[in-house]
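Trainee: Residue numbers (our numbering), protein chains in the order written: chain H, 117 to 449; chain Y, 117 to 449. The beta-carbon is built from N, C-alpha and C at its ideal position, and this holds for glycine as well. Note that the structure is predicted; figures quoted are calculated from it, not measured. Quick one: structure below, then a few questions.
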DNA sequence: AATAGCAGCGACAATCTGTGTCGTATAGGA
DNA sequence: TCCTATACGACACAGATTGTCGCTGCTATT
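Next comes the structure, spelled out in structure tokens:
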């Protein structure tokens, strides 16, 4: 039994989803590799058996030369996993995906749909008898003001594949003519995905937004090797405003109000954050923390409006002052 | 074969992870429900067989009265799923989880670890032969300045369970004495999880941060029913600053610079956003869009600093002006 | 156009594995 | 101490699994 059941399991794992297919002979070879030396006939029989219990489909003999029948999981058949999700995991998955819905393009997220289905099924099963389901109990606060850029699902899939397999691809960018592109890295900022790549034989690395690609076609050519390229080094040069040109640890000192102080007590700026009373009458407090200066920090400081006042370092205070001054002048008119 | 292999699969799905156990007799009953009428002996034999191929562990007979042997998946044994992840899905899962790492408390995320492992394994398998793995190719920009609040993993798990099963629980809040709590809803804002609940017999709904709970203990008592409670209604009253007290659609009009204009072209404020040139010389543009006013929008406007100027509606412009004025006064000293 | 080669599929027999039943040992509770 | 419940070993039989072989239909090559 051990042999046959385990073999079936391994086969199920090896069968991909619909756009891809696997032939009975490929499976036979893989099983042989894994130590299951069975005859090809058995594999064929197993596939037929499995297909009566799982949503397997077999490809039409539309291939070129390859007359072998190929198999795949039906596109939207639910997936199975074990150990099954427990209630807590299901809730976590469900919340996480709700979160991601506002963070990643839906065309990317569709790949996670099976898990969402599994989680929701599990939650429904748990709560079907209860009068109130989890959907009426859980909410995730939206984090973003802007709409997500529209991405072409197929394009994203192909570009991911090119990146993973170190292959060139061919696409139009911003609706312009076709280009040959060598992908080197992928960076996600907010809801936007950026591809770091080179065009044709050019030497310079370009930052391209994934949603601007269209008509992507994978090429069989491998990318030009680029051993000097290191994504961290590249980002740290200040490209993409990833960090300030000179990212440095600063000793931040802020004056904050009561509300922000409470907030910081629970979500500190750093592990060694210091919080002291500044002026009890006015309910103002001082916060000190060592942290990395950067774009994120500055946006955060700005977003707090008058809840916060930067005291040190001087450079940051001056920067805040200049921004605020410019704004004030504008709104005075 | 069909019978036995499918039965084994169903068994694997029914076996939970380590903190929970299932006895051979429970399994026997569940299988009988599912239409597999086999003897208990067979179930026991199957479990032994499975345990030689999967990381199953059996509980010590430490239970009370229940001498039956119970089984569970070992805590950190990888999980299996089929159809297996394809490359694109694996990359998506991996990026999504990296994202979530900065969004959800690690203690909550640990439930998703199996998927992360599966995805990374898959990616490694794909790229082991290549000179550069995906880890060196993909980066996710951090979104948060603050550290996540520290959450007790066990507490979160138990509270989730209580919420899902409509049960009371008992816990200390903010280190104070023990309370009996009736959970009604869960809200996630940023990286903080809030529980909407009532204490003891009190009638008022309280907003409690999950990370402030300690020593949680599930009770068998069901929560007091609360048919009048509706999470959306509650949030829309303005509680938790979820929305402004009077959330209304406004006709937003902004003056933006070149950089922000480019950004908005790709990530618009709304579907029907209007973008026109304001002053070609100074590279300033006007944006108009109908959208919901709220906390998110205002924080976003503030975070942009002098890249943006609010023109309409008047109320919002005045609000911006007052904040900016207050800040400017402060920094003048 | 004909044929060689390949892949799939049906049939069959030998084997072996899965399953129910029964009996015994062990542990905990009354 | 006895009793009940559970686990577990043994055994026999039915049924499933698997390799082999041969036939059929298709493709590609000569």
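Look up residue 285 (chain Y) in the DSSP assignment and give the residues it is bridged to.
Mentor: The count along the second chain starts at 1 and reaches residue 285 (chain Y) at position 169. Paired residues: Y:297, Y:334.
Trainee: Using a Cβ-Cβ cutoff of less than 6 Å, which residues in the same chain neighbour residue 179 (chain H) once the five nearest sequence positions on both sides are dropped?
Mentor: As a first step, residue 179 (chain H) must be located in the first chain, where it is residue number 63. A caution first: residue 179 (chain H) carries a pLDDT of 45, below 50, which makes its placement in the model unreliable, though a value can still be read off. Same-chain partners within the cutoff: there are none.
Trainee: Please state whether DSSP places residue 314 (chain Y) in a helix, a strand or coil.
Mentor: Residue numbering aside, residue 314 (chain Y) sits at position 198 when the second chain is read from its first letter. Strand, per DSSP.
Trainee: Tell me whether residue 241 (chain Y) sits in a helix, a strand or coil according to DSSP, three-state version.
Mentor: As a position in the second chain, residue 241 (chain Y) is number 125, starting the count at 1. It is helical.
Trainee: Under 7 Å, do residue 403 (chain H) and residue 418 (chain H) count as touching if we go by C-beta distance?
Mentor: Numbered from its first residue, the first chain carries residue 403 (chain H) at position 287. Numbered from its first residue, the first chain carries residue 418 (chain H) at position 302. It is not a contact, given that the beta carbons lie outside the stated cut-off.
Trainee: Have a look at the DSSP bridge pairing and note the partners of residue 373 (chain Y).
Mentor: Taking the second chain and counting its residues from 1, one reaches residue 373 (chain Y) at position 257. Residue 373 (chain Y) pairs with Y:400.
Trainee: Is it the case that the Cβ atoms of residue 256 (chain Y) and residue 388 (chain H) are separated by a distance below 7 Å?
Mentor: Here residue 256 (chain Y) refers to the residue found at position 140 of the second chain. Here residue 388 (chain H) refers to the residue found at position 272 of the first chain. Going by C-beta atoms, residue 256 (chain Y) is not nearer than 7 Å to residue 388 (chain H).
Trainee: Measure the C-alpha to C-alpha separation of residue 233 (chain H) and residue 208 (chain Y) and round it to an integer number of angstroms.
Mentor: Residue mapping note: residue 233 (chain H) aligns to position 117 of the first chain, counting from 1. Residue mapping note: residue 208 (chain Y) aligns to position 92 of the second chain, counting from 1. Straight-line Cα distance between these residues: approximately 17 Å.
Trainee: Mind pulling the chain Y residues with CB within less than 8 Å of residue 285 (chain H)?
Mentor: Looking up residue 285 (chain H) in the first chain gives position 169. Ordered by position in chain Y, no residue passes the 8 Å Cβ test against residue 285 (chain H), which lies about 14 Å from the chain.
Trainee: Compute the distance between the beta-carbons of residue 128 (chain Y) and residue 198 (chain H), then report whether it is under 7 Å.
Mentor: Reading the second chain from its first residue, position 12 is the one you call residue 128 (chain Y). Reading the first chain from its first residue, position 82 is the one you call residue 198 (chain H). Against a cut-off of 7 Å, the Cβ pair of residue 198 (chain H) and residue 128 (chain Y) comes out as a contact.
Trainee: With a threshold of 8 Å, are at least 3 pairs of Cβ atoms found where one atom belongs to the stretch 313-331 of chain Y and the other to the stretch 276-293 of chain Y?
Mentor: The answer is yes - the stretch 276-293 of chain Y touches the stretch 313-331 of chain Y, with three or more Cβ pairs under 8 Å.
Trainee: Is the shortest distance between the beta-carbon of residue 406 (chain H) and the beta-carbons of chain Y less than 7 Å?
Mentor: On the first chain, position 290 is the one that residue 406 (chain H) refers to. Cβ-Cβ to chain Y under 7 Å: no for residue 406 (chain H).
Trainee: For residue 395 (chain H), list the residues DSSP reports as bridge partners.
Mentor: Sequence index remark: in the first chain, residue 395 (chain H) carries index 279 (1-based). Paired residues: H:400.
Trainee: Answer yes or no: does any C-beta atom of chain Y fall closer than 7 Å to that of residue 164 (chain H)?
Mentor: Counting from 1 along the first chain, the entry for residue 164 (chain H) is found at position 48. Not an interface residue.
Trainee: So what does DSSP say about residue 150 (chain Y), is it helix, strand or coil?
Mentor: Numbered from its first residue, the second chain carries residue 150 (chain Y) at position 34. Three-state result, residue 150 (chain Y): coil.
Trainee: Tell me the residue span of the beta strand (DSSP E) that contains residue 174 (chain H).
Mentor: The sequence position of residue 174 (chain H) within the first chain is 58, counting from 1. Start and end: 172-174.
Trainee: Assuming residue 408 (chain H) and residue 365 (chain H) form a contact by the criterion Cβ under 8 Å, report the distance between their Cβ atoms to the nearest whole angstrom.
Mentor: Your numbering for residue 408 (chain H) matches position 292 in the first chain. Your numbering for residue 365 (chain H) matches position 249 in the first chain. The Cβ separation is near 6 Å, so the contact holds.
Trainee: Near residue 271 (chain Y), what residues of its chain come up, given a Cβ to Cβ distance below 6 Å and the 5 sequence neighbours on each side ignored?
Mentor: As a first step, residue 271 (chain Y) must be located in the second chain, where it is residue number 155. Same-chain partners within the cutoff: 329, 332.
Trainee: Quick one: residues in its chain with C-beta nearer than 7 Å to the C-beta of residue 391 (chain Y), no 5 flanking neighbours on either side, listed in chain order?
Mentor: On the second chain, position 275 is the one that residue 391 (chain Y) refers to. Counting only Cβ-Cβ distances below 7 Å, and skipping sequence neighbours, we find 377, 380, 381, 401, 403.
Trainee: With a cut-off of 8 Å on the beta carbons, I'd call residue 315 (chain Y) and residue 295 (chain Y) a contact; round off their distance for me.
Mentor: In the second chain, counting from the first residue as 1, residue 315 (chain Y) sits at position 199. In the second chain, counting from the first residue as 1, residue 295 (chain Y) sits at position 179. Confirmed, about 5 Å.
Trainee: The alpha helix (DSSP H) spanning residue 446 (chain Y) covers which residue range?
Mentor: Here residue 446 (chain Y) refers to the residue found at position 330 when the second chain is read from its first residue. Unbroken alpha helix (DSSP H) run through residue 446 (chain Y): 430-448.
Trainee: Relative to the alpha-carbon of residue 239 (chain Y), which residue among Y:261, Y:217, Y:211, Y:225 has its alpha-carbon at the smallest distance?
Mentor: The residue labelled residue 239 (chain Y) in the question sits at position 123 within the second chain. Nearest option by C-alpha distance: Y:211.
Trainee: If you follow the alpha helix (DSSP H) that residue 321 (chain H) is in, where does it begin and where does it stop?
Mentor: Working through the first chain from its first residue, we reach residue 321 (chain H) at position 205. Counting along the chain, residue 321 (chain H) falls outside any alpha helix (DSSP H), and DSSP gives it neither H nor E.
Trainee: Using Cβ-Cβ distances below 7 Å, what residues of the stretch 185-202 of chain Y are close to chain H?
Mentor: Residues 189, 195, 196, 197, 198, 199, 200, 202.
Trainee: Checking contacts by CB at 7 Å: is residue 152 (chain Y) closer than that to chain H?
Mentor: Position 36 of the second chain, counting from 1, holds the residue named residue 152 (chain Y). It does not: the Cβ of residue 152 (chain Y) has no partner Cβ on chain H nearer than 7 Å.
Trainee: Measure the alpha-carbon distance for residue 446 (chain Y) versus residue 445 (chain H) and round it to whole angstroms.
Mentor: As a working mapping, residue 446 (chain Y) is identified with position 330 in the second chain. As a working mapping, residue 445 (chain H) is identified with position 329 in the first chain. So the two alpha carbons sit approximately 15 Å from each other.
Trainee: Could you give the DSSP three-state label for residue 308 (chain H): helix, strand or coil?
Mentor: Position 192 of the first chain, counted from the start, is the residue given in the question as residue 308 (chain H). DSSP places residue 308 (chain H) in strand when its eight states are reduced to three.
Trainee: Using a beta-carbon distance cut-off of less than 9 Å, what residues from the stretch 436-448 of chain H approach chain Y?
Mentor: Flagged, chain order: 436, 437, 438, 439, 440, 441, 442, 443, 444, 445, 446, 447, 448.
Trainee: Quick one: does residue 276 (chain Y) have its CB under 7 Å from some CB of chain H?
Mentor: Numbered from its first residue, the second chain carries residue 276 (chain Y) at position 160. With 7 Å as the cut-off, residue 276 (chain Y) counts as an interface residue toward chain H.
Trainee: Who are the Cβ neighbours of residue 137 (chain Y) in its own chain at under 6 Å, not counting the five residues just before and after it?
Mentor: Indexing the second chain from 1 puts residue 137 (chain Y) at position 21. Around residue 137 (chain Y): 175, 186, 188.
Trainee: Measuring straight from C-alpha to C-alpha, what distance separates residue 326 (chain Y) and residue 227 (chain Y)?
Mentor: Stepping through the second chain from its first residue, residue 326 (chain Y) is reached at position 210. Stepping through the second chain from its first residue, residue 227 (chain Y) is reached at position 111. Whole-angstrom Cα-Cα distance: 17 Å.
Trainee: Determine, using beta carbons only, whether residue 223 (chain Y) comes closer than 7 Å to chain H.
Mentor: Position 107 of the second chain holds residue 223 (chain Y). Judged by the 7 Å Cβ criterion, residue 223 (chain Y) is not in contact with chain H.
Trainee: Would you please verify whether the beta carbon of residue 148 (chain Y) is less than 7 Å from any beta carbon of chain H?
Mentor: For the purposes of this step, residue 148 (chain Y) is taken as residue 32 along the second chain, with counting starting at 1. No, its Cβ sits nowhere closer than 7 Å to a Cβ of chain H.
Trainee: Pull out every residue of the stretch 396-430 of chain Y whose Cβ sits closer than 7 Å to any Cβ of chain H, in chain order.
Mentor: Listed by position along the chain: 412, 413, 415, 416, 418, 419, 421, 422, 425.
Trainee: Among residues of its own chain, excluding the 5 on either side of residue 440 (chain Y), which ones have a beta-carbon nearer than 7 Å to its beta-carbon?
Mentor: Along the second chain, read from residue 1 onward, the residue named residue 440 (chain Y) stands at position 324. Within the same chain, residue 440 (chain Y) has no close Cβ partners at all.
Trainee: For chain Y, check one thing: does any of its Cβ atoms lie closer than 7 Å to the Cβ of residue 298 (chain H)?
Mentor: Mapped onto the first chain, residue 298 (chain H) falls at position 182. False, the Cβ-Cβ gap to chain Y never drops below 7 Å.
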